[in-house]
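The listed protein sequences derive, respectively, from chains A and B. The numbering of the first sequence is the working numbering, which starts it at 1 and goes up by one. The numbering of the second sequence is the working numbering, which starts it at 123 and goes up by one. Note that the Cβ used here is the ideal one computed from N, Cα and C, for glycine as well.
Protein chains: 2
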Amino acid sequence: MTSQRRVVAEVLDGDHVHLTADEVHARAAHRLPEISRATVYNTLGELVSLGEVIEVSTDGRAKRYDPNAHHPHQHLVCSNCGTIRDVHPTGNPLADLPAEERFGFTVSEVEVTYRGLCPSCV
Amino acid sequence: MTSQRRVVAEVLDGDHVHLTADEVHARAAHRLPEISRATVYNTLGELVSLGEVIEVSTDGRAKRYDPNAHHPHQHLVCSNCGTIRDVHPTGNPLADLPAEERFGFTVSEVEVTYRGLCPSCV
DNA sequence: TCCTACGATGGACTGAGTCCAAGTCAAGAA
DNA sequence: TTCTTGACTTGGACTCAGTCCATCGTAGGA
Ligand SMILES: [Mn+2]
Ligand SMILES: [Mn+2]
Ligand SMILES: [Zn+2]
Ligand SMILES: [Zn+2]
Numbered sequence: 001m002t003s004q005r006r007v008v009a010e011v012l013d014g015d016h017v018h019l020t021a022d023e024v025h026a027r028a029a030h031r032l033p034e035i036s037r038a039t040v041y042n043t044l045g046e047l048v049s050l051g052e053v054i055e056v057s058t059d060g061r062a063k064r065y066d067p068n069a070h071h072p073h074q075h076l077v078c079s080n081c082g083t084i085r086d087v088h089p090t091g092n093p094l095a096d097l098p099a100e101e102r103f104g105f106t107v108s109e110v111e112v113t114y115r116g117l118c119p120s121c122v
Numbered sequence: 123m124t125s126q127r128r129v130v131a132e133v134l135d136g137d138h139v140h141l142t143a144d145e146v147h148a149r150a151a152h153r154l155p156e157i158s159r160a161t162v163y164n165t166l167g168e169l170v171s172l173g174e175v176i177e178v179s180t181d182g183r184a185k186r187y188d189p190n191a192h193h194p195h196q197h198l199v200c201s202n203c204g205t206i207r208d209v210h211p212t213g214n215p216l217a218d219l220p221a222e223e224r225f226g227f228t229v230s231e232v233e234v235t236y237r238g239l240c241p242s243c244v
């Protein structure tokens, strides 16, 4: 645990946080000016493989890193400004995929993205 | 309708097709050797805004273009090799997002991605 | 104190996609 | 028929996110 890793972990504290790697880097650099982008990417990669952070991919733009990894949830994204909200749909989406629609796959994960316009974008 | 656009549209014919822009370009170039990448991107963009083709974004890799746009469906993706299959889950995922989880958004679209290992990847 | 190994660094590099200035071409005007 | 015009295409430069890599610094052990 180096000071760089600690700072990255601190920046990613709290729920409802969905920062890009460059945003993480900017905030980390605020506390530790010479931290490099490479180190931020390395640390984020480790946090992801430890299961502490979830990578949220976002349609062509930069991935977002989500520390809310211990409470399963889905995302609601504004098609206009890109704002992300955590949402908790009812039901288990995995149950909606009948066996004959699984084609022999071992399905382990479902990712649901709701899209629409946020209140500010009308 | 130019010959370039016709060739791109022809390459994207049929269901269960999920090609990247570069794959579309390669196949189009097979028939029309000097077609440029820019034209392929332009034409794909037009087909997408006409609603004839759906853009499927794939976690860091190149977007895939899906001509099966008139039959709503979701995708099952192999976490190992990236293979994509069309699937038709039961139920309407939009109905699973209660009003109090919409935060004032006008939700218009849901995208569900099932992930797991395909039969070849065990 | 000196070594060593792990991690950090910055800069080069890649892949996907966008942008743009210049070239081509077909259809309508004269 | 020839000219004009505008839409489409082209290739290359450029951007952006992310990866790679050679080198450097440093904390901890001998
Ligand atoms: Mn989240
Ligand atoms: Mn499909
Ligand atoms: Zn918005
Ligand atoms: Zn596979």
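| query | result |
| --- | --- |
| For B/Ile157, which residues from the same chain have a beta carbon less than 6 Å from its beta carbon, with the 5 sequence-adjacent residues on both sides left out? | Gln126, Ala150 and Ala151 |
| Say yes only if the C-beta of B/Cys203 is nearer than 6 Å to one or more non-hydrogen atoms of ligand 3, and no if none qualify. | no |
| Along chain B, in chain order, which residues have C-beta atoms closer than 7 Å to that of A/Thr90? | Asp218 and Pro220 |
| So for A/His25, helix, strand or coil by DSSP? | helix |
| Are any of the Cβ atoms in chain B nearer than 7 Å to that of A/Arg115? | yes |
| Quick one: what's B/Cys200 bridged to in DSSP? | B/Gly238 |
| Kindly examine ligand 5 and report whether one of its heavy atoms sits closer than 6 Å to the Cβ of A/Ser120. | Ligand 5 is not among the ligands present in this structure, which contains only ligand 1, ligand 2, ligand 3 and ligand 4. |
| Nearer than 6 Å: is that true of the beta carbon of B/Cys200 relative to any heavy atom of ligand 4? | yes |
| Whose CB is closer than 6 Å to a heavy atom of ligand 1? List the residues in chain order. | A/His18, A/Asp66, A/Asn68, A/His73, A/His75 and A/Asp86 |
| Report the neighbours of B/Arg207 on chain A: residues whose CB is nearer than 8 Å to its CB, in chain order. | Phe103 and Phe105 |
| Tell me, please, whether the segment 79 to 92 of chain A touches the segment 185 to 203 of chain B by the rule of three or more beta-carbon pairs shorter than 8 Å. | no |
| Taking Cβ to Cβ, would you say B/Val162 is nearer than 7 Å to B/Ala184? | no |
| Assuming contact is defined by CB atoms lying nearer than 7 Å, are A/Gly82 and B/Val229 in contact in what I supplied? | no |
| Distance, Cα to Cα, B/His147 vs B/Pro189? | 15 Å |
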